[in-house]
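Numbering (the UniProt record's numbering), first residue to last: 1 to 258.
C-beta: ideal position from N, C-alpha, C; glycine also.
The structure appears right after this line, and notes come after that.
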């Protein structure tokens with residue numbers, strides 16, 4: 001049974017699923033869709049274009065699908081998608097897309113801690129943890145199973161590969177390859193996310209292949225182009241290494257350095 005607090009303002013045009021709870025003083029605009037079993041706590045605002053999945057929890061003061069902080073934005077129709085089982089903690093701000101892509105999105109089973117900001121035209125994957133006050137600029141892409149420490153800033157158009165871990169107080173101004181551990185301002189390669197990979201079920205063989213690929217890339221003294229070719233020749237048959245090489249090839253900003 002859906003429960004709406006009497007002080008909440010909920011548009012009759014909004015599409016609200018089953019067993020949804022909407023707390024005191026929350027505002028739900030017209031073009032909003034909310035999935036089943038979702039909980040909206042007090043003082044939350046869901047703007048036009050909010051698309052909320054099932055079993056999502058949104059805590060007090062958060063706002064979803066507000067207009068972008070982009071001077072080129074022309075009030076075009078766009079969206080912000082939130083995947084199933086994601087938690088959005090206090091005072092998180094999530095901005096919808098612009099004409100460039102028409103949307104921003106966060107995947108399933110993510111945790112966005114207090115005061116996180118995700119800007120326009122971002123694509124965030126599944127199983128992410130963004131700690132308090134992480135600031136994600138426009139057009140950022142973050143793959144699955146990434147953990148980002150608090151008070152980290154991510155430059156626009158940056159990419160972060162799967163299973164990467166970023167230490168707190170970092171500044172990301174280049175692309176972060178998958179499976180890595182990075183930290184600093186600007187962020188630098190500190191090694192591979194070995195503990196995280198073990199927790200996620202990666203085998204010793206897979207972890208050793210990842211470690212060796214990054215040893216060649218960062219520590220061999222080879223030119224970058226030579227290192228990539230050597231990795232391809234020696235480990236190119238390994239799926240995890242193919243993932244690294246694919247990420248490097250699609251990088252536009254260049255990857256972080258040692």
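Would you list the one or two residues that DSSP bridges to residue i?
i, result
"residue 105", "81 and 123"
"residue 191", "181"
"residue 33", "15 and 51"
"residue 111", "87 and 129"
Do you know how far the Cα of residue j is from the Cα of residue i?
i, j, result
"residue 191", "residue 182", "7 Å"
"residue 231", "residue 150", "33 Å"
"residue 66", "residue 146", "25 Å"
"residue 243", "residue 93", "31 Å"
"residue 222", "residue 233", "14 Å"
"residue 193", "residue 85", "25 Å"
"residue 48", "residue 80", "9 Å"
"residue 171", "residue 256", "11 Å"
Skipping 5 residues on each side, what residues in its chain have a beta carbon closer than 6 Å to that of residue i?
i, result
"residue 90", "59, 60, 61 and 114"
"residue 156", "137, 138 and 139"
"residue 320", "No answer is possible for residue 320: it lies beyond the span of the chain, which begins at 1 and ends at 258."
"residue 82", "52, 53, 56 and 106"
"residue 15", "33"
Write down the C-beta distance between residue i and residue j rounded to the nearest angstrom, noting that I regard them as a contact closer than 8 Å.
i, j, result
"residue 39", "residue 57", "5 Å"
"residue 180", "residue 164", "5 Å"
"residue 107", "residue 126", "4 Å"
"residue 251", "residue 144", "Between residue 144 and residue 251 the Cβ distance is about 18 Å, and since that is not below 8 Å, they are no contact."
"residue 158", "residue 51", "Contact doesn't hold; Cβ gap of about 24 Å is too wide."
"residue 95", "residue 118", "7 Å"
"residue 245", "residue 258", "Not quite, the Cβ-Cβ distance comes to about 18 Å (not below 8 Å), so this is no contact."
Can we count residue i as close to the ligand FAD, meaning its CB is less than 6 Å from some heavy atom?
i, result
"residue 86", "Absent from the structure shown: the ligand FAD. Ligands present: none."
Under 8 Å Cβ to Cβ from residue i, same chain only, skipping five residues before and after it: list those, please.
i, result
"residue 36", "17, 18, 19, 20, 54 and 55"
"residue 3", "20, 21 and 22"
Whose C-beta lies closer than 7 Å to the C-beta of residue i among residues of the same chain, with five residues either side of it excluded?
i, result
"residue 134", "116, 148, 150 and 152"
**Q.** contact_flag[the region 41–48, the region 18–29] where n(CB pairs < 8 Å) is 3 or more
**A.** Three or more Cβ pairs drawn from the region 41–48 and the region 18–29 lie within less than 8 Å of each other, which places the two stretches in contact.
Q: Evaluate the contact criterion for the region 154–162 versus the region 171–179: three or more CB pairs, one atom per stretch, below 8 Å.
A: Note that the region 154–162 touches the region 171–179; at least 3 beta-carbon pairs, one per stretch, sit closer than 8 Å.
Q.
Whether or not the region 94–114 and the region 64–81 are in contact is what I'm after, with contact meaning three or more pairs of Cβ atoms, one per stretch, closer than 8 Å; do they touch?
A. Cβ pair count under 8 Å is three or more, so yes.
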